[in-house]
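Engineer: Below you'll find the structure I mean.
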Amino acid sequence: ASDVHTRPELDRQQARAGVERPLAFVCHDYSHLAPAVQSAPLMAIVPRPWYENLSDKRGLFVLPLAGEQAEGAIFMQYRASTVEWKRRLIDAIRRKLKTYYR
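Encoded structure:
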């Protein structure tokens, strides 16, 4: 069975670009995020206050993002309509992470 209809758009775009590691994780409530990240090899980009106020940080590691537009502006899905500066930021992160996920 094809997963074309069940995979998030970001995963399909990454697959077309030759990056087979799924990068999308849909979480409608931040309370579901910590257990998911703790039990799977996932990376999440979250607001700093959310992490600082998290009571159970077991198994979670932090890599701070530097830059005036990185914090609070990177939590979006990469879409064709994304503005240019966000595309450049996402592409730069993808290129850097790609070296670790081959």
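The letter at position 78 of the sequence shown is residue 103 when you use the working numbering, and the numbering goes up by one with no holes. From the three backbone atoms N, C-alpha and C, an ideal C-beta is built for every residue, glycine too. Source: prediction; values computed, not measured.
1. Use the C-beta contact count for residue 61: other C-beta atoms within 10 angstroms, 16 or more gives buried, fewer gives exposed.
2. Which value, in whole angstroms, describes the spacing of the CA atoms of residue 41 and residue 120?
3. For residue 84, which residues in the same chain have their Cβ closer than 6 Å to its Cβ, ignoring the five residues on either side in sequence?
4. Where do the N-terminal and C-terminal ends of the alpha helix (DSSP H) with residue 61 fall, by residue?
5. Which whole-angstrom value is the C-beta distance of residue 69 and residue 79, which I expect to be below 8 Å?
Structural biologist: Here's the rundown:
1. exposed
2. 15 Å
3. 63
4. 58–64
5. 11 Å between Cβ atoms; not a contact.
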